[in-house]
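**Student:** Top to bottom, those sequences are chains A and B. All letters in the first sequence, in the order written, are residues 25 to 284 by our numbering. All letters in the second sequence, in the order written, are residues 731 to 1008 by our numbering. Idealized CB from N, CA, C, for every residue including glycine.
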Amino acid sequence: MSDGLLLDDVSVYYGAASILDRLRLEVPPGQRVSLLGASGSGKSTLLRLVAGLLKPSRGSLSWGGQPIQGASLERGLVFQDYSLFPWLSMVDNVALAVGKARPQADKAERREGAGHFLRQVGLEQALGKFPFELSGGMQQRGAIARLLALGSPLLLMDEPFGALDPVNRARLQDLLVEICEIARPRKTLVFVTHDVDEALYLGDRVIMLGSAPGRIIADLAVPPPRRRDRRTLFESTTFPRLREQIAAQLHADTLQRLVA
Amino acid sequence: MSEETVFSTETEALPFELERTPPRADGNGWTRCWAYRDAVLVWAGLLLAWSLLSALVSQGPNPLLPSPAATAQALWESLPELWRGTVASLLILVPGFALATVLGIVTGLWVGSSTRLQRALFPVARVAAPVPPTVYIPYAIAILPTFRLSAIFVVFIGAFWPIFQNAAAGAHALEARHRDSARILGLRGWEYQRQVVFPAALPHIFSGMAVGLGFAFILLTVAELFGANAGLGRFVQYYADFADYPRMVAGIVYTGLVTYLAMTLLDRVRQRALFWLR
Chain A
25 MSDGLLLDDV SVYYGAASIL DRLRLEVPPG QRVSLLGASG SGKSTLLRLV AGLLKPSRGS
85 LSWGGQPIQG ASLERGLVFQ DYSLFPWLSM VDNVALAVGK ARPQADKAER REGAGHFLRQ
145 VGLEQALGKF PFELSGGMQQ RGAIARLLAL GSPLLLMDEP FGALDPVNRA RLQDLLVEIC
205 EIARPRKTLV FVTHDVDEAL YLGDRVIMLG SAPGRIIADL AVPPPRRRDR RTLFESTTFP
265 RLREQIAAQL HADTLQRLVA
Chain B
731 MSEETVFSTE TEALPFELER TPPRADGNGW TRCWAYRDAV LVWAGLLLAW SLLSALVSQG
791 PNPLLPSPAA TAQALWESLP ELWRGTVASL LILVPGFALA TVLGIVTGLW VGSSTRLQRA
851 LFPVARVAAP VPPTVYIPYA IAILPTFRLS AIFVVFIGAF WPIFQNAAAG AHALEARHRD
911 SARILGLRGW EYQRQVVFPA ALPHIFSGMA VGLGFAFILL TVAELFGANA GLGRFVQYYA
971 DFADYPRMVA GIVYTGLVTY LAMTLLDRVR QRALFWLR
């Protein structure tokens, strides 16, 4: 049994369609994994399995040596769409999560904690606002604040920055790395993205999923340091080489699917 | 009612509701009145037709079709009595409707969020809900100790089913993303119902309450025909028995007004509660 995340021979079928096929994956605690893959490669399904929202058709999953059965505060997930509750203000949305992470906190303390996380994602102007009053990107930052407030040691993120503008995107990428690194023990991250640069910037490791059925087609280590300087990373020689390699793999997978 | 009733989704607007944003909200009083000119014309036309029609019928001391003026006078003279009737009626309507709302929401959300409970209870609900609630009136009056209690019961039955069905449909239609968010946040049981299912189902619940309120007024006035000694339905029946048609028509107009006000009040509450719906 692994201390981190372990997927053992996991398959998911919907009727005759095979979404994920015999996936084996081990993520040691504290590692940051970027999941790349074309749409339909089962990336979201994989995250839902780990979050405990979905049961595998075959195989088993475990986290921290415990089999994964149902959702748990240990494993927080941010969805692709903005999943805040529209009837609650931003503070109250995040305060729900604070209340779960710290059940002994009273109402004022929960709201205060919520304010802290919202400020962290740059939403200090929007504490009392409701989701419908904010842009998609701001709503998604609120959802990220809610995830951070849960305090889960394993963070699962499904294309969370897809709707953000480049400035906020870079800012939140840095914040995410910072949060994973300063936590003791370090947070484990499984991050789904379409963006090769983002995958390389955030991950210690990039895993590529091929499509139809979803399976691992490449598993690449991104060389240290763990805290990167955006400029040195993008100017280094390893980075373009990795990027080329990944792009070629994705291209090959797409071609293969077109031929098949 | 069809088999689909139990799964019915909310209707978007109350019947006959005007558009959300009144035309030219920025305009002055005159432009706003102008926007409703057709409605004003229809009102004026209806009053005129009523006047003409009543002029054709003899207006003796007890006209079969009282003129608008005679009705207005009867209404004015009956106001104290109508007010006492309103109080008596509301003492039946409010408890019955409130009980139906609370029980309808609680049981509806509870049943609607469990597949097992739906399978167990929906077949029963499909048979019980379409029974016209008026048929319970004689039985309720026979077995319950007071008239007020039987009338409250009948109003409750009439309002309960639409609220129950809509609350259940609302809970059943909970969006997958909200359900998933709730699971990720570890919301369970009562907290899940209160924080997620109830607010998400509110649009459905208000539709059910609007239908239920309509039923409640129908059942109230029908029940009062059976044995009340005061109330709006009782007022109309009493003067019909004495062939005092101006007062009877005044009673009908007044009852319509009270119903309209109650519906408007409910709609105001709905708009405030659902501010987050775009």
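Quick check on B/W840 - is its C-beta less than 8 Å from some C-beta in chain A?
**Tutor:** Chain A, which has no Cβ nearer than 8 Å to the Cβ of B/W840, makes this no.
**Student:** Under a CB-based cut-off of 8 Å, is B/S808 close to chain A?
**Tutor:** Chain A, which has no Cβ nearer than 8 Å to the Cβ of B/S808, makes this no.
**Student:** Quick one: is B/W706 near chain A, going by C-beta distance under 8 Å?
**Tutor:** Any answer about residue 706 of chain B is impossible in this case: the structure gives chain B only from 731 up to 1008.
**Student:** Mind pulling the chain A residues with CB within less than 7 Å of B/H908?
**Tutor:** Those are F109, listed as they occur along chain A.
**Student:** To the nearest angstrom, report how far apart A/M232 and A/R72 are at their CA atoms.
**Tutor:** A/M232 and A/R72: Cα-Cα distance of roughly 17 Å.
**Student:** Against chain A, does B/S911 count as a neighbour if the rule is that its beta carbon must be under 8 Å from one of theirs?
**Tutor:** So yes, B/S911 belongs to the interface.
**Student:** Quick one: grab the DSSP three-state call for A/W111.
**Tutor:** DSSP places A/W111 in coil when its eight states are reduced to three.
**Student:** Do B/G900 and B/I935 come within 8 Å of each other at the CB atom, strictly closer than that value?
**Tutor:** Their beta carbons are under 8 Å apart, which means B/I935 touches B/G900 by this criterion.
**Student:** By the 9 Å beta-carbon criterion, what residues does the region 924 to 948 of chain B contribute toward chain A?
**Tutor:** Under the 9 Å Cβ criterion, the region 924 to 948 of chain B contributes Q925, V926, P929, A930, L932.
**Student:** Contact criterion: CB-CB distance below 8 Å. Does B/G919 meet it with respect to chain A?
**Tutor:** For B/G919, the answer is no, since every Cβ of chain A falls outside 8 Å of its Cβ.
**Student:** Cα-Cα, which of A/D243, A/R48, A/Y37 is closest to A/Q269?
**Tutor:** Answer by Cα proximity: A/D243.
**Student:** Look at B/S808 and B/R964 and say whether their C-beta atoms are less than 8 Å apart.
**Tutor:** In this structure, B/R964 does not lie closer than 8 Å to B/S808 by Cβ.
**Student:** Looking only at C-alpha atoms, which of A/Q128, A/A173, A/S35 sits nearest to A/Q144?
**Tutor:** It is A/A173.
**Student:** Could you give the first and the last residue of the continuous alpha helix (DSSP H) run that contains A/L11?
**Tutor:** The structure shown has nothing for residue 11 of chain A, since chain A only spans 25 to 284.
**Student:** Just the C-alpha distance for B/A828 and B/V884, rounded to the nearest angstrom, thanks.
**Tutor:** When rounded, the distance between both Cα atoms is 13 Å.
**Student:** Using the C-alpha atoms, what's the distance from A/V122 back to B/L996?
**Tutor:** Those two C-alpha atoms are separated by around 35 Å.
**Student:** Which of helix, strand or coil does DSSP assign to B/L874?
**Tutor:** Coil.
**Student:** Look at the alpha carbon of A/L147 and the alpha carbon of A/V230, and state the distance between them as a whole number of angstroms.
**Tutor:** One C-alpha to the other measures close to 30 Å.
**Student:** Which whole-angstrom value is the C-beta distance of A/D27 and A/G89, which I expect to be below 8 Å?
**Tutor:** At roughly 6 Å, the Cβ-Cβ gap stays under 8 Å, so A/D27 and A/G89 are in contact.
**Student:** DSSP three-state label for B/T845, please.
**Tutor:** Note: B/T845 maps to helix in three-state DSSP.
**Student:** Would you please verify whether the beta carbon of A/K124 is less than 8 Å from any beta carbon of chain B?
**Tutor:** So yes, A/K124 belongs to the interface.
**Student:** Take the Cβ of A/I206 as the centre, count every other Cβ of all protein chains shown within 10 Å, and call the residue buried at 16 or more, exposed below.
**Tutor:** With fewer than 16 Cβ atoms within 10 Å of its Cβ, A/I206 is classed as exposed.
**Student:** What are the residues of the region 42 to 56 of chain A that lie near chain B, defined by any Cβ-Cβ distance shorter than 9 Å?
**Tutor:** Under the 9 Å Cβ criterion, the region 42 to 56 of chain A contributes no residue.
**Student:** On the three-state DSSP scale, how would you describe B/V861?
**Tutor:** In the structure shown, B/V861 sits in coil (DSSP, three-state: anything other than H, G, I, E or B).
**Student:** According to the neighbour-count rule (16 or more other Cβ atoms, all chains shown, within 10 Å of its Cβ), is A/L282 buried or exposed?
**Tutor:** So A/L282 ends up on the exposed side.
**Student:** Classify A/V216 as helix, strand or coil using the three-state DSSP reduction.
**Tutor:** A/V216 falls in the strand class under three-state DSSP.
**Student:** Where in the region 883 to 927 of chain B do unbroken runs of the alpha helix (DSSP H), each at least 4 residues long, occur, reported from the N-terminal end onward?
**Tutor:** Listed in chain order, the complete alpha helix (DSSP H) runs (minimum 4 residues) inside the region 883 to 927 of chain B are 906 to 914, 919 to 922.
**Student:** Just checking my contact of A/A167 with A/Y106 at CB under 8 Å: how many whole Å lie between their CB atoms?
**Tutor:** Confirmed, about 6 Å.
**Student:** Using a Cβ-Cβ cut-off of less than 9 Å, give me the residues of the region 209 to 221 of chain A that come near chain B, in sequence order.
**Tutor:** Hits within the stretch: zero.
**Student:** Determine, for A/G175, whether the minimum Cβ-Cβ distance to residues of chain B falls below 8 Å.
**Tutor:** Not closer than 8 Å to any Cβ of chain B, the Cβ of A/G175 fails to qualify, so no.
**Student:** What's the gap between the Cα of A/G64 and the Cα of A/L142?
**Tutor:** Whole-angstrom Cα-Cα distance: 33 Å.
**Student:** Evaluate B/V865 with the Cβ neighbour count: other Cβ atoms within 10 Å of its Cβ, from every protein chain shown; 16 or more gives buried, anything less gives exposed.
**Tutor:** B/V865 is exposed by the Cβ-count criterion.
**Student:** Taking buried to mean at least 16 other C-beta atoms within 10 Å of its own C-beta, is B/G986 buried or exposed?
**Tutor:** Its Cβ having fewer than 16 others within 10 Å, B/G986 is exposed.
**Student:** How many whole angstroms separate the CB atoms of A/L60 and A/T217, which I take to be in contact at a CB cut-off of 8 Å?
**Tutor:** Right, their Cβ atoms sit about 7 Å apart.
**Student:** Name, in chain order, the residues that DSSP records as bridge partners for A/Q14.
**Tutor:** Given a span of 25 to 284 for chain A in the structure shown, any question on residue 14 of chain A remains unanswerable.
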